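Visitor:
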Amino acid sequence: MMRMILAFALAGLLGVMPAHALNAEQRKAFFQIMFEQATRCFTAPVTSWSSKARLEIRLRRDGSLLQAPKVLEPTPDSDIAKAAVRAIQRCAPFLIPDRFQGSYSEWKLLIMEFKTGP
1 MMRMILAFAL AGLLGVMPAH ALNAEQRKAF FQIMFEQATR CFTAPVTSWS
51 SKARLEIRLR RDGSLLQAPK VLEPTPDSDI AKAAVRAIQR CAPFLIPDRF
101 QGSYSEWKLL IMEFKTGP
C-alpha cells in the first residue's frame with residue numbers, strides 16, 4: 001500500500017518580525033491544518049512508487065494562491081510534481097483560521113514536500 005507524507009517549512013523573509021510570531025505549538029497546529037487540507041487533494045501517481053516533490057507555495061492572506069506553485073524538485077514534468085501541483089491547485093483557497101492571520105508573514109511562503117512510498 002502506498003502512503004503519502006507531506007512536510008512543510010515556513011519560508012518567511014529573514015529579518016522580518018511578524019505581528020504575531022508563531023511559537024512551536026502554533027506552528028505545529030498550522031502545519032496540521034495545512035497537511036489535512038493538502039492530503040485530501042493529493043492523489044499519488046501510479047508510476048511513482050517511491051518518490052518526492054518539493055514545491056514553493058505563495059499564499060495570499062485569504063489562503064488563495066498568489067501564483068502557480070513552483071516545483072523545486074524533481075523536474076516539473078515528473079508525475080509526482082504534476083500530482084503535487086494539481087493537489088495544491090485543487091485545495092486552493094486553503095482555509096486559514098483567523099488565529100493565524102496576524103502571522104501572515106510567516107506562512108505566506110511555504111515549502112511543501114510530497115513523498116510517496118511504502
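Taking this note's numbering, the leading residue of the sequence shown gets 1, the next gets one more, and so forth.
Beta carbons are placed, not taken as given, at the ideal position from N, Cα and C, and that holds for glycine.
Please read all numbers here as calculations on a predicted model, not as lab measurements.
1. Roughly how many angstroms lie between the CA atoms of I33 and I96, to the nearest whole one?
2. What's the call for E106, buried or exposed, on a 16-neighbour Cβ count within 10 Å?
3. Below 8 angstroms, can you find three or more Cβ-Cβ pairs linking the region 21-29 to the region 80-94?
4. According to DSSP, is F42 helix, strand or coil?
5. Contact defined as beta carbons within less than 8 angstroms: I believe A53 pairs with E36. What is the distance between those atoms, to the nearest angstrom?
6. From this set, G117, L59, F42, S64, which residue's C-alpha is nearest V85's C-alpha?
7. Looking at the unbroken alpha helix (DSSP H) that takes in S105, where does it start and where does it end?
8. CB-CB under 7 angstroms to F100, same chain, minus the five flanking residues each way: which ones, in chain order?
9. So for R61, helix, strand or coil by DSSP?
10. Counting along the chain, where does the beta strand (DSSP E) carrying L22 start and finish?
11. Assuming the contact rule is C-beta atoms closer than 8 angstroms, E56 and P69 should be a hit. Round their C-beta distance to whole Å, please.
Guide: Considering the structure as presented:
1. The straight-line gap separating the alpha-carbon atoms of I33 and I96 is approximately 8 angstroms.
2. Buried.
3. Because the criterion of three Cβ pairs below 8 angstroms is not met, the region 21-29 and the region 80-94 do not touch.
4. Three-state DSSP puts F42 in coil, outside helix and strand.
5. Wrong, their Cβ atoms sit about 19 angstroms apart, outside the cutoff.
6. If we check each option's Cα against that of V85, F42 comes out closest.
7. Counting along the chain, the unbroken alpha helix (DSSP H) around S105 starts and ends at 104-107.
8. Within the same chain, and ignoring the five residues on either side of F100 in sequence, the residues whose Cβ sits closer than 7 angstroms to its Cβ are F30, W107.
9. Reduced to three states, the DSSP call for R61 is coil.
10. No beta strand (DSSP E) contains L22, which DSSP labels as neither H nor E.
11. About 7 angstroms separates the CB atoms of E56 and P69; that is less than 8 angstroms, so the two are in contact.
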